[in-house]
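Enquirer: UniProt numbering puts the sequence shown at residues 1 to 297.
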Amino acid sequence: MRAERPEADDLGDAVEVFDGVRPRLFGIAYRMLGSAAEAEDVVQDAWVRWQTTDRSAVIDATAFLSTVTTRLAMNVAMSARMRRETYVGPWLPEPVDTGADPAIGAERGEALDFAVLLLLERLKPTERAAYVLREAFDYSYREIAAVIGSSEANARQLARRARTYIAGERRSHVDAAEHRRLLDNFVTAAQTGDLAALEALLASDAASYSDGGGVRGASRIPVFGRSRVARYIVAFQPRFWPGTRTRWVEANGRTCALITRGEHVIALLSVDAGTDGIARLLWVLNPSKLDRFSALV
1 MRAERPEADD
11 LGDAVEVFDG
21 VRPRLFGIAY
31 RMLGSAAEAE
41 DVVQDAWVRW
51 QTTDRSAVID
61 ATAFLSTVTT
71 RLAMNVAMSA
81 RMRRETYVGP
91 WLPEPVDTGA
101 DPAIGAERGE
111 ALDFAVLLLL
121 ERLKPTERAA
131 YVLREAFDYS
141 YREIAAVIGS
151 SEANARQLAR
161 RARTYIAGER
171 RSHVDAAEHR
181 RLLDNFVTAA
191 QTGDLAALEA
201 LLASDAASYS
211 DGGGVRGASR
221 IPVFGRSRVA
231 RYIVAFQPRF
241 WPGTRTRWVE
251 ANGRTCALIT
261 RGEHVIALLS
271 VDAGTDGIAR
281 LLWVLNPSKL
291 DRFSALV
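#1: Have a look at D97, A235, R216, V132 and flag the residue whose alpha-carbon is nearest the alpha-carbon of V223.
#2: Hey, could you find the ends of the alpha helix (DSSP H) Y131 is sitting in?
#3: Drop a sphere of 10 angstroms on the beta-carbon of I59, count the other beta-carbons inside from all chains shown, and report buried for 16 or more, exposed for fewer.
#4: Tell me the residue span of the beta strand (DSSP E) that contains G168.
#5: Whose C-beta lies closer than 7 angstroms to the C-beta of F293 among residues of the same chain, with five residues either side of it excluded?
#6: If you count every other CB in all the chains shown that lies within 10 Å of the CB of A176, and 16 or more means buried, which is it?
#7: Could you check what DSSP says for I266 in three-state terms: helix, strand or coil?
#8: Given T52, which residues of its chain have a CB within under 7 angstroms of its CB, disregarding the five upstream and five downstream residues?
#9: Indicate whether A155 and A145 have their beta-carbon atoms separated by less than 8 angstroms.
#10: Smallest Cα separation from L33: which of V21, E127, L65?
#11: Is the Cβ-Cβ distance between G12 and G89 less than 8 angstroms?
#12: State the CB to CB distance for the pair A39 and F26, rounded to an integer number of angstroms; the pair is presumed to be in contact (CB under 8 angstroms).
#13: By DSSP, does T70 sit in helix, in strand, or in coil?
#14: With burial defined as no fewer than 16 other Cβ atoms inside 10 Å of the residue's Cβ, what is the status of residue 308: buried or exposed?
#15: Nearest-angstrom Cα distance between R24 and G99?
#16: Alpha carbon to alpha carbon, what distance is there between A200 and S219?
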């Protein structure tokens, strides 16, 4: 990765190079961490490293900066796991508006899916890195090994282990039209408190996760099972839905329901759906995770 390139010493060139690769750096860090705020911090740290690096010795800026960003994100992932152990209630990824910023989802979309980000949180940082680099950015195993500092065989094993785990936790996919239909019908049934309609839409082992971050009155424990989830949705219908408006937005490459009351965003609902119905309801109510959608109100 090293060769003489004196013209890269100019800070203006450094800014131009960094800005050109910034979307990829954010994409790597965000998929690794499930937090746009933490990803931006990582990208900023990568910029500081880039400023202080002997850039005349860097032959491939994209490879160099991607490696720096991935390693920084792995370090943050280790500390974030400890912080999230004390998080109030379920922790869900921070959604990103891919409708407003399609560059975030420009790479292969699997590792951006909201439900996949939640599953990645349960993996070791090295497994996350291997999966993200392979599945989202199509890195070779040799390249992954160089980034995470392991052998090629180990990089292959880490990626395979992560892929096997995620595949085992997810349903067979439905297409975008069916996903939208299920979400649309769910919102209608939830707004009216239609228990039978809700049960018909949910998979038998459906789960509902609500992330309020201790700020909003979200359930602090997940709810599991078709009947229990349906009854739970019906129970909070009178307190939650009156006075709200719902609009469809694209978050993390999927259609989601953005729920507002007056001029305030109160929730973003994402569903993970398969051929047997909606398997996961993911309610983001933490205000700090919804700031990016406030401009849509």
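Glycine included, C-beta positions come from ideal geometry on N, C-alpha and C.
Expert: According to the structure shown:
#1: A235
#2: 125–131
#3: exposed
#4: Where G168 is concerned, there is no enclosing beta strand (DSSP E), although the alpha helix (DSSP H) it sits in stretches over 152–169.
#5: D97, V249, L258, V265, L268
#6: exposed
#7: strand
#8: none
#9: yes
#10: E127
#11: no
#12: 5 angstroms
#13: helix
#14: The structure shown does not extend to residue 308, since the chain is modelled only from 1 to 297, so the question has no answer here.
#15: 17 angstroms
#16: 23 angstroms
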